[in-house]
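*Asks:* Top line first, the protein sequences correspond to chains Z and C. Adding 172 to a residue's 1-based position in the first sequence gives its number in this note's numbering. Adding 10 to a residue's 1-based position in the second sequence gives its number in this note's numbering. We treat Cβ as the ideally placed atom computed from N, Cα and C, and that holds for glycine. Computed from a prediction, not measured in an experiment: that's the story for all the values here.
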Amino acid sequence: MNPMIEQIQSKFPQAVTKIYEHNARRIYVDVKPEHIAAVAGFIYNDLSFRYVIASGIDTPEAIEILYHFSHDSTGLMLSVRAAIADKEKPAIGSLTSVIKGISWIEREIHELLGVDFTGHPNLKHLLLTDDWPQGDYPLRHDNKRK
Amino acid sequence: MEKDKNMQEPKRCVIPIGPYHPLQEEPEFFKLHVDGEKVTGIDIELGYNHRGIEKLSEAKHFDQGIFLVERICGICSTSHPFAFVNAVEDLAGIEIPERAKYIRTVVGELERVHSHLLWLGLAGHFLGYNTVWMWSWKYREPVLDIFEKISGNRQHYAMMKVGGVRRDIALEDMPWIEKTLDELVKGVDMFKGAVMDDPVIWARTKGIGILTPQDIKEYGGVGPLARASGIDEDVRRDDPYAAYNMVDWKVQTWQGGDIFAKAVVRILELYESVKIIRQCLTRLKTAPGPFDLKVKEIPAGEGIGRHEAPRGEVFHYVRSDRANRPVRHKIRAPSYVNVATNEKSVIGCTISDALIVLAAVDPCYCCTERVAVVDAGSGKHLYNGNDLIRLSHEKTERLKKQL
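1) Between L298(Z) and L56(C), how many whole angstroms is the CB-CB distance? I'm expecting something under 8 Å.
2) Give a yes or no on whether 9 Å exceeds the smallest Cβ distance from G247(Z) to chain C.
3) Which two residues bound the contiguous beta strand (DSSP E) that contains G51(C)?
4) Between the alpha carbons of W304(Z) and N315(Z), how many angstroms are there, rounded?
5) Can I277(C) and L128(C) be called in contact, C-beta distance under 9 Å?
6) Are the beta-carbon atoms of G247(Z) and D249(C) separated by less than 9 Å?
7) Give the residues of chain C in contact with I237(Z), contact being defined as C-beta atoms less than 7 Å apart.
8) Taking the alpha-carbon of V24(C) as reference, which of G51(C), Y30(C), D225(C) has the nearest alpha-carbon?
9) Counting beta carbon pairs with one atom in the region 296-305 of chain C and one in the region 210-230 of chain C, are three or more of them shorter than 8 Å?
10) Rounded to a whole number of angstroms, what is the C-alpha to C-alpha distance between D100(C) and V116(C)?
11) With DSSP as the reference, identify every bridge partner of H60(C), one or two as the case may be.
12) Can you tell me which of the three DSSP states I229(Z) falls into?
13) Can you tell me which of E318(C), V324(C), A370(C) puts its alpha carbon nearest to the alpha carbon of E119(C)?
14) For H292(Z), decide whether its Cβ has a neighbour in chain A, counting only Cβ atoms nearer than 9 Å.
15) Pull out every residue of the region 209-230 of chain Z whose Cβ sits closer than 7 Å to any Cβ of chain C, in chain order.
16) To which residues of the same chain is L191(C) closer than 7 Å at the C-beta, ignoring the five residues directly before and after it?
17) Run through DSSP, which three-state label would S345(C) get?
18) Give a yes or no on contact between the region 98-112 of chain C and the region 303-317 of chain C, applying the rule of three or more CB pairs nearer than 8 Å.
19) Span of the beta strand (DSSP E) holding C83(C)?
20) What runs of the alpha helix (DSSP H), each 4 residues or longer, lie entirely inside the region 221-307 of chain C?
21) Strictly under 9 Å for the Cβ-Cβ distance: is L295(Z) near chain C by that measure?
22) Cα separation between M170(C) and P209(C)?
23) Given a cut-off of 9 Å, decide if V232(C) and E312(C) are closer than it, judged by their beta-carbon atoms.
24) Taking only beta carbons into account, state which residues of the region 221-233 of chain C come closer than 7 Å to chain Z, listed in chain order.
25) I'd like to know if H240(Z) contacts chain C, where contact means its C-beta is closer than 9 Å to some C-beta of that chain.
26) Going straight from the alpha carbon of Q306(Z) to that of A369(C), what length do you get?
27) Three-state secondary structure (DSSP) at E158(C)?
28) Provide the residue(s) that pair with K41(C) in DSSP beta bridges, ordered along the chain.
29) Provide the residue span of the alpha helix (DSSP H) that contains G313(C), from first to last.
30) Please compile the residues from chain Z whose C-beta is within a distance smaller than 7 Å of the C-beta of I187(C).
31) Over the uninterrupted alpha helix (DSSP H) stretch that includes S125(C), give me the two end residues.
32) Nearest chain Z C-beta to A238(C) closer than 9 Å, yes or no?
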């Protein structure tokens with residue numbers, strides 16, 4: 173296994189639930205949502221990964237958020253997956269105190285998928301208009317908007 | 011925010027740039043907070059151009075999706091298809107044929123050349139050097155001609171396809187392409203001399219709009235923006251795809267992180283791109299076919315594709331449930347992280363410098379226009395481009411006489 177992934181696993185044994193190596197340069201690590209700040213902080217600060225972006229995905233079981241990090245000297249693309257089981261009121265801790273640039277994508281996931289990023293200093297609309305109807309989340313698969 | 015002692019109310023003076031502004035070909039809203047001549051803060055408002063492409067992609071099959079993402083950007087139109095096919099091939103574990111790798115690389119690098127020349131021209135224009143603008147775009151024109159020769163289009167080349175490319179580069183076109191590149195290099199040499207030695211350009215660009223390596227790390231900045239701050243990162247080398255690890259080239263970096271450094275990185279990258287294209291063309295003369303694997307089915311799974319676009323890393327994440335379309339398609343263009351760095355670079359500048367600082371990011375422009383007026387009934391060409399320019403000139407002359 174990739175030595176950096178081993179480090180993550182040994183440092184956060186209670187947080188990491190699954191590791192999937194698609195190939196040597198694409199690795200997915202599933203973590204419990206409550207530990208996301210600690211794990212992401214370790215990857216970003218201690219292992220010096222570059223923050224790329226986060227993807228929010230509506231699945232039948234949960235709202236998943238994938239935090240993508242790039243390790244440029246080895247070409248490794250590490251995606252940390254946090255699955256939020258409560259689809260009625262999905263919430264996860266904001267990473268803005270760890271990674272400054274993550275603010276925009278958290279705002280975007282908030283408006284498109286309805287995820288509440290607790291602790292985000294300015295969780296307003298990014299792309300949609302300010303008068304967008306409340307509770308209408310375009311990237312949810314149960315959205316009825318045509 | 012400073013507080014006025016008598017009023018107990020925050021003093022603020024805000025200069026709006028946008029949503030529609032001559033500086034920008036695309037709508038975006040910057041609110042500059044200023045204290046006298048100095049910029050003290052900035053609010054960036056986005057969304058004026060949001061078209062819901064990620065959502066649309068969920069309703070298009072994989073082959074249609076390539077044409078959809080090609081329309082995200084009018085300037086680097088092959089960057090998104092490139093990253094998208096990389097993502098789908100990563101998902102399905104497809105290794106494309108050698109010939110397709112070289113053709114993809116040629117297209118990707120030609121695009122970088124024309125995009126950097128476009129930026130160089132615009133930067134000259136913003137600084138009041140309209141000669142730089144005109145000359146730069148003059149040298150960009152033959153690059154678009156090469157695209158027309160290869161793909162039939164000057165923009166939106168539709169070359170990328172899961173499993174390969176849509177069309178080959180013909181052997182008989184290669185001598186002409188190589189000759190055109192020789193001419194281009196002469197033009198770039200002239201620019202390098204003119205931009206790097208001009209005292210006025212130095213005065214306008216050196217030490218202005220600085221981004222430190224720490225700023226780049228905090229915002230995740232990519233591309234020439236990061237490389238101008240001395241950060242040695244380039245997806246083409248770090249996470250190789252297409253033919254980038256099969257040819258000889260170097261990642262260009264510069265120190266300082268100011269506008270001058272960003273311009274220098276882009277100019278030096280022009281040489282590297284031409285070098286890459288030349289090597290690929292040489293190999294293409296003997297590289298065996300096929301250039302397309304004719305992939306039909308995409309399995310379930312998830313894949314990530316990246317491409318170093320002219321403005322930096324384009325990122326695509328695709329998840330498939332084995333249907334013929336993605337269940338989720340996440341796209342991150344380089345400007346998404348790069349524009350956010352304006353929060354750092356513009357603060358402390360004067361208002362007169364703010365415009366070129368905002369433009370130094372090279373936010374995505376879409377300004378390639380070419381028209382032919384065709385009679386819808388007969389399909390006959392009524393006017394070609396030259397006729398339209400002539401008509402435009404005639405109208406200007408007519409208006410001059412009337413005034």
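*Replies:* Judging by the given coordinates:
1) 6 Å
2) yes
3) 48-55
4) 14 Å
5) no
6) yes
7) Simply none; closest approach about 11 Å.
8) G51(C)
9) no
10) 21 Å
11) The partner list for H60(C) (beta bridge, DSSP) is empty, contrary to what the question assumes.
12) strand
13) E318(C)
14) No chain A appears in this structure, whose protein chains are Z and C.
15) R222, Y223, V224, I225, S227, I229
16) V284, I287, R288
17) helix
18) yes
19) No beta strand (DSSP E) contains C83(C), which DSSP labels as neither H nor E.
20) 223-229, 234-237, 245-248, 269-294
21) no
22) 43 Å
23) no
24) E228, Y229, G230
25) yes
26) 35 Å
27) helix
28) P26(C), D53(C)
29) Element bounds for G313(C): not the alpha helix (DSSP H) but the beta strand (DSSP E), 311-319.
30) Near I187(C) there are no residues of chain Z at all, since even the closest Cβ is about 31 Å away, more than 7 Å.
31) 108-136
32) no
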